[in-house]
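When you number the sequence shown by this note's numbering, it's gap-free, plus one each residue, and the end is 106.
Virtual Cβ for every residue (Gly too), placed ideally from N, Cα, C.
Written below as structure tokens is the structure these notes are about.
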Amino acid sequence: LPLMSKLGKRYTVLLNATTRRDFKGKITGVVGVGQDITEVNAAMAESKRIADDLMRLIETANAPIFGIDREGKVTEWNAKASSLLGFTKVETMGKSLVDNFITEEF
1 LPLMSKLGKR YTVLLNATTR RDFKGKITGV VGVGQDITEV NAAMAESKRI ADDLMRLIET
61 ANAPIFGIDR EGKVTEWNAK ASSLLGFTKV ETMGKSLVDN FITEEF
């Protein structure tokens, strides 16, 4: 929920609300509790910007770049690796790097 302070500063508040009832159970209003998440949202946006920049750097690098997980399966394969080796990113993702893309003499 975006809120504006008296001085014009914008805050983002996570609002949780529930009905307020009288002793007969009749709804008499709403009780809300807010949490300021302005800084959390800003940090998340910055993290996303950095991750996007890194992905662009990996994808456009003038060197083949690949990533593997703990089991040795391909998790990243950039455009230079594709043009050099002839395998598209789709063809490599999830496959064992050693079993599929490293020659036996190595």
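Rounded C-alpha distance that separates residue i from residue j
i, j, result
"Ile37", "Ser5", "15 Å"
"Pro64", "Trp77", "8 Å"
"Pro2", "Thr28", "25 Å"
"Arg56", "Ser82", "15 Å"
"Thr60", "Met93", "18 Å"
"Glu104", "Ser47", "40 Å"
"Ile102", "Gly32", "59 Å"
"Leu84", "Ile58", "15 Å"
Beta bridge counterpart(s) of residue i as assigned by DSSP
i, result
"Gly29", "Arg20"
"Glu76", "Gly67"
Terminal residues of the alpha helix (DSSP H) in which residue i lies
i, result
"Leu97", "97-101"
"Glu39", "38-60"
"Leu91", "As written in the sequence, residue 91 is Glu, which differs from the Leu given in the question. Element bounds for Glu91: 89-92."
"Leu85", "79-85"
N-terminal and C-terminal residue of the beta strand (DSSP E) that residue i is part of
i, result
"Ile68", "66-68"
"Leu7", "First-last for Leu7: undefined, no H or E at that position."
Residues of its chain near residue i, where Cβ-Cβ distance is below 6 Å and the 5 sequence neighbours each way are ignored
i, result
"Gly34", "Val13, Leu15"
Own chain partners of residue i with C-beta closer than 8 Å, once the 5 adjacent residues on each side are dropped
i, result
"Leu97", "Phe66, Ile68, Gly72, Lys73, Val74"
"Val30", "Ala17, Thr18, Thr19, Arg20"
Residues near residue i by beta carbon distance below 7 Å, same chain, minus five either side
i, result
"Lys89", "Trp77, Ser82"
Using 8 Å as the threshold, is the segment 11-24 in touch with the segment 37-52, meaning 3 or more CB pairs across them?
The answer is yes - the segment 37-52 touches the segment 11-24, with three or more Cβ pairs under 8 Å.
Count Cβ pairs between the segment 15-27 and the segment 43-61 that sit closer than 8 Å; are there 3 or more?
No contact exists between the segment 15-27 and the segment 43-61.
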